[in-house]
Amino acid sequence: MTVRAHFPIAAFVFVAVWLAAAPDARADAIDGMWCEGSRSMQIDGPAIVTPGGTSMTGDYDRHGFRYVVPPGERGAGKTVNMVLLGEYDLDVTVGEGPAERWRRCKLTS
């Protein structure tokens with residue numbers, strides 16, 4: 002076989018490997034569902050569903066997120082700062098309060 006004949010096979014293998022690795026490549030991003038006790042929140046880029054259930058946007062960074070707590074939620078008007086510590090741990094600080102450790106929510110089937 003010529004090099005030209007092998008090209009489609011090599012391209013297919015490259016794309017398959019790249020797609021298979023894609024979910025792992027995002028493992029170090031803050032995006033996803035986070036839980037702390039009975040509270041949860043979801044981050045997807047600059048979009049967030051807050052622990053109080055409000056859908057809004059904030060300041061997104063791959064390893065951090067910041068937003069102002071909306072009216073009607075606990076801590077309204079305070080700034081929430083989040084820092085990703087690893088694949089499963091997130092520190093969340095509301096205003097000048099102490100950091101709370103949040104974890105990625107466990108998936109249930």
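The working numbering numbers the first residue of the sequence shown as 2 and each following residue consecutively.
Ideal Cβ placement from N, Cα and C applies to all residues, glycine included.
Distance check between residue 49 and each of 38, 69, 37, 39 places 69 closest, using alpha-carbon atoms only. C-alpha of residue 85 to C-alpha of residue 62: approximately 10 Å in a straight line.
In the assembly as shown, residue 83 is a buried residue. Its beta-carbon has 16 or more other beta-carbons within 10 Å. Per the coordinates, the alpha-carbon of residue 60 lies some 25 Å from the alpha-carbon of residue 38. Collapsing the DSSP output to three states places residue 33 in a strand. Inter-residue distance for residue 77 and residue 29 is about 29 Å (C-alpha atoms, whole angstroms).
Residue 93 holds the alpha-carbon nearest to the alpha-carbon of residue 64 among 99, 98, 93.
For the beta strand (DSSP E) assignment, the uninterrupted runs of no fewer than 3 residues enclosed by the stretch 49 to 75 are, from N- to C-terminal side, 56 to 58, 60 to 62, 65 to 69. In the three-state DSSP reduction, residue 101 falls in the strand class (E or B). Residue nearest to residue 97 within the set 79, 88, 90, 107 is 79 (criterion: CA-CA distance).
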